[in-house]
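Asker:
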């Protein structure tokens, strides 16, 4: 079972570059979300989606864009990377009345130089 | 906004010892969720607590939500190296946003 798949696992960017972190799930979950994890700060919500075509901002949305054209995919776009966006990024999905029981991907470690 | 504070931030115990991790909310909790993260991996759901006074157990891990629903504890009995990792509590925010907010985590090391 694939579950939640994130690519790439590691990425190094230069300041100002743009890129897309990919997230796909094969469980037909309607809820998907992106978090970033920084030392001492736990997980912070960037954006989330409650279904195809619907997205909303989380706690730290600035500098990131998302779209949800299909139920399976929820890509996270960095428009112009900054060193402050160096972090580990996690995608998660959930469903129905158990939407707080999140299934996480294995993460993308991003460094912005 | 709701904030979750976890204590301790890190913990080193000898194998076989018991330990407790706490999660305190600045506001009433409408659901408290415990997750575990192995180093370098994503989070895995452990348990969900919703009612004041509720207690749940899974293998050697017991989680409780206090009556006032502002604090939860996670207790591990007879710790093993497999318990090592980062434990995070998560809660539904009171803002209507349908996504969890998380505490900063407790890093647990279990020495053989």
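Residue numbers (the numbering used here), protein chains in the order written: chain A, 338 to 450; chain B, -2 to 109.
Where is the CB? At the ideal position from N, CA and C, for every residue including glycine.
None of the values given here were measured: they were computed from a predicted structure.
Can you pull the DSSP bridge partners for residue 397 of chain A?
Answerer: Position 60 of the first chain holds residue 397 of chain A. Answer by DSSP bridge pairing: none, since residue 397 of chain A is not bridged.
Asker: For residue 0 of chain B, count neighbouring C-beta atoms within 10 Å of its own C-beta (all shown protein chains included) and say buried if the count is 16 or more, exposed if not.
Answerer: In the second chain, the residue the question calls residue 0 of chain B occupies position 3. Its Cβ having fewer than 16 others within 10 Å, residue 0 of chain B is exposed.
Asker: Along chain A, in chain order, which residues have C-beta atoms closer than 7 Å to that of residue 30 of chain B?
Answerer: Here residue 30 of chain B is taken as the residue at index 33 of the second chain, counted from 1. Chain A residues near residue 30 of chain B: 437.
Asker: Taking CB distances under 8 Å as the criterion, tell me whether residue 52 of chain B reaches chain A.
Answerer: In the second chain, counting from the first residue as 1, residue 52 of chain B sits at position 55. So no, residue 52 of chain B is outside the interface.
Asker: What's the gap between the Cα of residue 140 of chain B and the Cα of residue 58 of chain B?
Answerer: The shown model of chain B, from -2 to 109, leaves out residue 140 of chain B, and the question about it has no answer.
Asker: What whole-angstrom Cβ distance do residue 48 of chain B and residue 71 of chain B have, given they're in contact under 8 Å?
Answerer: Looking up residue 48 of chain B in the second chain gives position 51. Looking up residue 71 of chain B in the second chain gives position 74. So it is not a contact: roughly 17 Å between Cβ atoms.
Asker: Quick one: what's got a C-beta closer than 7 Å to residue 79 of chain B's C-beta in the same chain, skipping five residues either side?
Answerer: Within the second chain, numbered from 1, the residue matching residue 79 of chain B stands at position 82. Once the five neighbours on either side are set aside, residue 79 of chain B has no close Cβ partner at all.
Asker: Please classify residue 366 of chain A: does DSSP put it in a helix, a strand, or coil?
Answerer: Within the first chain, the letter at position 29 stands for residue 366 of chain A. Coil at residue 366 of chain A, not helix or strand.
Asker: Throw me the rounded Cβ distance for the residue 415 of chain A and residue 355 of chain A pair, which I believe falls under 8 Å.
Answerer: As a first step, residue 415 of chain A is located in the first chain; it is residue number 78 there, counting from the start. As a first step, residue 355 of chain A is located in the first chain; it is residue number 18 there, counting from the start. About 6 Å; that satisfies the 8 Å criterion.
Asker: List the residues of chain B that residue 378 of chain A touches, going by C-beta distances under 8 Å, in chain order.
Answerer: The residue given as residue 378 of chain A occupies position 41 in the first chain. Going along chain B in sequence order, the residues near residue 378 of chain A (Cβ under 8 Å) are 101.
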